[in-house]
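A short worksheet on the structure shown next.
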Amino acid sequence: MTAMAMAGVELAVDAGRLVGADALFDIRPRQFRRLLLTFEDSIQGHIPEILGDDEEERVDTLVRLLRGTSEEDLSTLIGDLQTALTRLQRERRRAVTRTERSRRSRTGYSDVSRIKLSL
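Residue numbers for the sequence shown follow our numbering, so the first one is 23 and each next one is one higher.
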């Protein structure tokens, strides 16, 4: 028997038997979301490889995960994904802008120094 505890969740697995995840436990969506967010740092930047090694495997994984989802829920998810990608792009632009400002302040360079005065 192997036991594992993390983030207030205990899980016992009998390594001597092949047990499917469905037979092992039934986790509610909110609990599953909290579990995923516990691994947030490990997941970030690795979603494509988590889903699969190539496009076919990633698509297959997504189909398996989305199977049984209603058309309405799929439309909502697509909209949410678009919103999330827009937010991520905005965050990245802000981070680049902050980095550029920080670099300029360290080097003493500013946009004002590029202004050409003509007399």
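The C-beta atom is built at its ideal place from N, Cα and C for all residues, glycine as well.
Quick caveat: nothing in here was measured; it's all calculated off a predicted structure.
- Excluding the 5 residues flanking it on each side, Arg80 has same chain C-beta neighbours closer than 8 Å at Pro70, Leu73 and Gly74, in chain order.
- Judged by DSSP secondary structure, Ile65 falls within the alpha helix (DSSP H) whose first and last residues are Glu62 to Ile65.
- In terms of Cβ geometry, Ile65 and Leu58 form a close pair [threshold 8 Å].
- Linking Leu107 to Gly101 through their CA atoms gives a straight-line distance of about 10 Å.
- Cβ neighbours of Arg123 within its own chain (closer than 8 Å, five residues either side excluded): none.
- In the three-state reduction of the DSSP assignment, Ile49 falls in the coil class.
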